[in-house]
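With the sequence shown counted from 1, adding 1 to any position gets you our numbering.
For reference, the structure is listed below as structure tokens.
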Amino acid sequence: MVVQAVTGILNQVDGSSQFESKNTKVICSVTGPIEPKARQELPTRLALEVIVRPARGIPNTREKLIEDKLRAVLTPLIVSYKYPRQLCQITCQILEAGESEEEFSQRELSCCINAAFLALIDAGIALHSMVSSVCLCIAKDTDELVIDPGDDDLRVSRSVHTLALELVKGGSVIQNVLLLDSVGDFTEEQLFEILQNGEQSCVELTKELRRIISDKISEDIVRTHVA
2 MVVQAVTGIL
12 NQVDGSSQFE
22 SKNTKVICSV
32 TGPIEPKARQ
42 ELPTRLALEV
52 IVRPARGIPN
62 TREKLIEDKL
72 RAVLTPLIVS
82 YKYPRQLCQI
92 TCQILEAGES
102 EEEFSQRELS
112 CCINAAFLAL
122 IDAGIALHSM
132 VSSVCLCIAK
142 DTDELVIDPG
152 DDDLRVSRSV
162 HTLALELVKG
172 GSVIQNVLLL
182 DSVGDFTEEQ
192 LFEILQNGEQ
202 SCVELTKELR
212 RIISDKISED
222 IVRTHVA
């Protein structure tokens with residue numbers, strides 16, 4: 002699985018990132034902690050406002066569903082009790098969908114999760130653990146499992162899956178399944194195969210995300226030292 006990611010690309014927000022996998026590209030910004038409106042305030046923990054904007058057109062129920070899934074993945078990761086009565090705004094702008102938007106949203110959801118995690122790190126929001134997400138599909142004719150499928154693979158798939166895992170101890174230990182979003186027909190045996198191969202891919206992706214974060218921190222330290 003080949004990905005490209007960069008953090009700190011926006012100036013007017015607290016944290017930002019761009020994540021690209023094949024033809025899917027997402028930019029994410031994080032603003033916060035900030036003072037919320039009265040209706041958003043939670044007395045004992047941080048409130049999350051998640052916004053997803055599509056590559057084309059205006060947001061509809063499709064994007065609202067992605068927002069709900071993204072919020073469900075990110076909420077357990079954030080040390081929310083450290084920010085009582087505060088708000089964190091997470092905005093994902095999909096630059097390139099990389100899939101048929103009328104039929105699929107799994108690739109976009111997976112990239113939004115990875116981009117949001119990097120942006121939260123860039124913003125300095127306290128997290129309990131790490132997260133990484135991959136998209137998988139099962140080919141209709143051969144029942145072959147495809148990791149990080151492209152649009153052509155999705156169009157001839159029997160089922161499509163988005164897997165997001167919580168990882169601890171430097172990303173080497175899987176602690177929890179945060180999301181397994183599946184569409185289509187598959188057997189129990191195929192589901193276990195999806196989990197097994199997806200776990201391996203998530204661990205490898207987490208290593209790459211750690212490298213990206215480490216490189217960014219090293220650059221910031223050097224820049225600060227030189228200044």
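The beta carbon of each residue, even a glycine, is placed where N, CA and C say it ideally should be.
Worksheet item: Out of Asp-144, Val-4, Thr-32, Val-184, which has the shortest C-alpha to C-alpha gap to Gly-16?
Response: The count along the sequence shown starts at 1 and reaches residue 16 at position 15. Checked all of Asp-144, Val-4, Thr-32, Val-184; the closest Cα to Gly-16 is Thr-32.
Worksheet item: Taking just the CA atoms, how far does Leu-11 sit from Val-80?
Response: As a position in the sequence shown, residue 80 is number 79, starting the count at 1. As a position in the sequence shown, residue 11 is number 10, starting the count at 1. Approximately 24 Å between the Cα atoms of the pair.
Worksheet entry | Residue range of the beta strand (DSSP E) that includes Arg-159 | The residue labelled residue 159 in the question sits at position 158 within the sequence shown. It spans 158-169 - the beta strand (DSSP E) in which Arg-159 sits, taken as one unbroken run.
Worksheet item: Taking C-beta to C-beta, are Leu-168 and Ser-134 nearer than 8 Å?
Response: Position 167 of the sequence shown holds residue 168. Position 133 of the sequence shown holds residue 134. No; because the gap between Cβ atoms is not below 8 Å, this pair is not in contact.
Worksheet item: Glu-36: which of Gln-90, Gln-19, Thr-62, Ile-59 sits nearest, CA to CA?
Response: Mapped onto the sequence shown, residue 36 falls at position 35. The shortest C-alpha separation from Glu-36 is found at Gln-90.
Worksheet entry | Residues bridged to Glu-21 (per DSSP) | Here the question's residue 21 lines up with position 20 in the sequence shown. DSSP, once it has assigned bridges, lists Gln-5, Lys-26 as partnering Glu-21.
Worksheet item: DSSP on Ile-10, reduced to helix/strand/coil?
Response: For the purposes of this step, residue 10 is taken as residue 9 along the sequence shown, with counting starting at 1. It is coil, neither helix nor strand.
Discussion item. For Glu-109, report the span of its beta strand (DSSP E) as first-last.
Written reply: Stepping through the sequence shown from its first residue, residue 109 is reached at position 108. Taken as a continuous stretch (DSSP letters only), Glu-109 belongs to no beta strand (DSSP E), being part of the alpha helix (DSSP H) at 107-124.
Worksheet item: How is the alpha helix (DSSP H) around Thr-62 delimited, first residue to last?
Response: In the sequence shown, residue 62 corresponds to position 61, counting from 1. That run of the alpha helix (DSSP H) goes 62-75.
Item to complete: Pull up the distance between the alpha-carbon of Thr-92 and that of Glu-145, whole angstroms please.
Response: Indexing the sequence shown from 1 puts residue 92 at position 91. Indexing the sequence shown from 1 puts residue 145 at position 144. Distance between the alpha carbons of Thr-92 and Glu-145 is about 35 Å.
Discussion item. Taking contact to mean 3 or more Cβ pairs, one atom from each stretch, closer than 8 Å, check whether the region 173-192 and the region 22-31 are in contact.
Written reply: No, the region 173-192 does not touch the region 22-31.
Worksheet item: Based on the DSSP secondary-structure assignment, which residues constitute the bridge partners of Asp-144?
Response: Here residue 144 refers to the residue found at position 143 when the sequence shown is read from its first residue. Per DSSP, Asp-144 has no beta-bridge partner at all.
Worksheet item: Ala-103: buried (16+ other C-beta within 10 angstroms of its C-beta) or exposed?
Response: Counted from its first residue, the sequence shown places residue 103 at position 102. It should be pointed out that residue 103 corresponds to Glu in this sequence rather than to Ala. That one is exposed.
Fill in: Three or more C-beta pairs below 8 Å linking the region 151-164 and the region 106-117
yes
Fill in: DSSP-derived helix/strand/coil call for Asp-182
As a working mapping, residue 182 is identified with position 181 in the sequence shown. In the three-state reduction of the DSSP assignment, Asp-182 falls in the strand class.
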